[in-house]
Each structure stands twice: as structure tokens, then as C-alpha cells.
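Just so we're aligned: the sequence shown equals residues -26 to -1, 1 to 176 in mature numbering (1 follows the signal peptide of the UniProt record, and there is no 0).
Using N, Cα and C, we set each Cβ at its ideal position, and we do this for glycine too.
Source: prediction; values computed, not measured.
See below for the structure under consideration.
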Amino acid sequence: MTKMTRSSFLLGAIAALAISSQPASADSIPGLRGHDHTGITVPDVKAATAFFTDVIGCSHAMSFGPFSDDKGTFMQDVVNVNPRAVIDEISMVRCGYGSNIELFQYEAPDQAKTLPKNSDIGGHHIALYVDDIDKAAAYLKEKDVKTLQGPIPIKEGPAAGQSILYFFTPWGQQMELISYPRGMAYEKDAKTLLWMTTEPMK
């Protein structure tokens, strides 16, 4: 097995696990419609908002805050942070046909400064769909955005048909570009199709 084939196999296996992860029962939260937003904490909310709007191409919808409780436990009771934590500002952006992104700027006595890796529990990334991943990759390069190896096409397994490229925000948050303009292999026999930005109502 060649190095590229091993890489394709590994990426395909990871994608297959994500695709096959279905609820164990038919129960669901009453009135569930879908994923509304993803929240991330950033070191500088104004700089982060500028990156998402001026480089990524998202639109800024609103900002609000601050929030704190200098005597009680409101912050701990509501969002599970140190009671003396302060949310300086929250900024909401919308990125094309997808769920919103909520940017937090916190001050907290016990704040960790190290971002989790994908392999850490709680590790995560935000993936953005693009029509042409090669053009998108070239654009990121022009903007001096740090990227990892890729774009990498997936050629084997249920995720065959997609191409991916990981990149980083200026503060080190890991993100991803993904594209599958001709669909993915799993769609042929799937009972459940993944939500797609290209067909948001499907």
C-alpha cells in the first residue's frame, strides 16, 4: 500500500465514522430544526470578526455584551465557567448558506491559553464548503493564511468525492475547507443524506 493510498484510506475511514454515527433511537428534542450556531472563544473578538468578514467573507450580524456577575454564581450556573469570568463581547457572523458562528471574548482567572488539537478530547474545527477548493486554497495563500498539506482528494470509501484542506486563523484556531461538487460515494445507497450548503432545503 503506497503512502498516498494509506492517507486516503485513513481519511476515508474517519469520514465513514462521522457519516455512520446515527442516533440510537427515534427519540429527539421536541421541535428540533437543526444546527443554529457554533461558538468559539477568541483572544480578540474585534480582530476575529475582521478575519471572518474581511478574509473568509462572512457577514457580521450583531455584537452584544458584556456579561458578568461580580458577586454571585450566574456565570458558573449558566455557562459553566469560573464565577468571576467576564464575557467582554459576543460577535455573531453568518457565512454563506450555513449555520452561524458565535465569537466570544472572555476574561477569566483560570483561562487556558492553549488551543486543543484535533486529537484532544474537545478538539474541534469549523469546516467551510467551497465550490472550487483549488481556487479557495490559492486565495488563502494570497492572504498569507497558514494551511496544512492539501487540498487532499478522498478517492476511497464512503467519503470518496470530497477534497479537504485544513487552515488556521491568525490566533491558531484550526478550520477546514471542504468541497464535493459531484457528491460523495455514500449518497448512492444512503438512507440519510448529510446536510449540504449547496442544497440547504434538501
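| Asked | Found |
| --- | --- |
| Starting from the C-beta of Ser33, find all residues in its chain whose C-beta is less than 6 Å away, skip the five residues before and the five after it, and write them out in chain order. | Arg68 |
| Out of Gly72, Pro125, Phe78, which has the shortest C-alpha to C-alpha gap to Gly8? | Gly72 |
| Alpha carbon to alpha carbon, how far is Lys20 from Asp163? | 45 Å |
| Which of the three DSSP states is assigned to Ala134 in this structure? | coil |
| Give every residue of the same chain whose Cβ lies closer than 7 Å to the Cβ of Glu63, excluding the five residues on either side of it in the sequence, and list them in chain order. | Val19, Ser37, Gly39, Pro40, Gln79 |
| Taking the straight line between their C-alpha atoms, what separation do you get for Glu81 and Val55? | 10 Å |
| Start and end of the beta strand (DSSP E) containing Asp62? | 60 to 68 |
| Quick one: grab the DSSP three-state call for Ile3. | coil |
| Take Val29 and list the residues in its own chain whose beta-carbon comes closer than 6 Å to its own, dropping the five residues that flank it on each side. | Lys117 |
| Is the segment 149 to 160 in contact with the segment 121 to 135, if contact means three or more CB pairs nearer than 8 Å? | yes |
| Based on Cα-Cα distance, which residue from Met170, Val53, Thr166, Thr121 lies nearest to Thr143? | Thr121 |
| Give the range of the alpha helix (DSSP H) segment to which Thr166 is assigned. | Careful: Thr166 lies outside any alpha helix (DSSP H) and carries neither H nor E. |
| Do you know how far the Cα of Ser65 is from the Cα of His11? | 12 Å |
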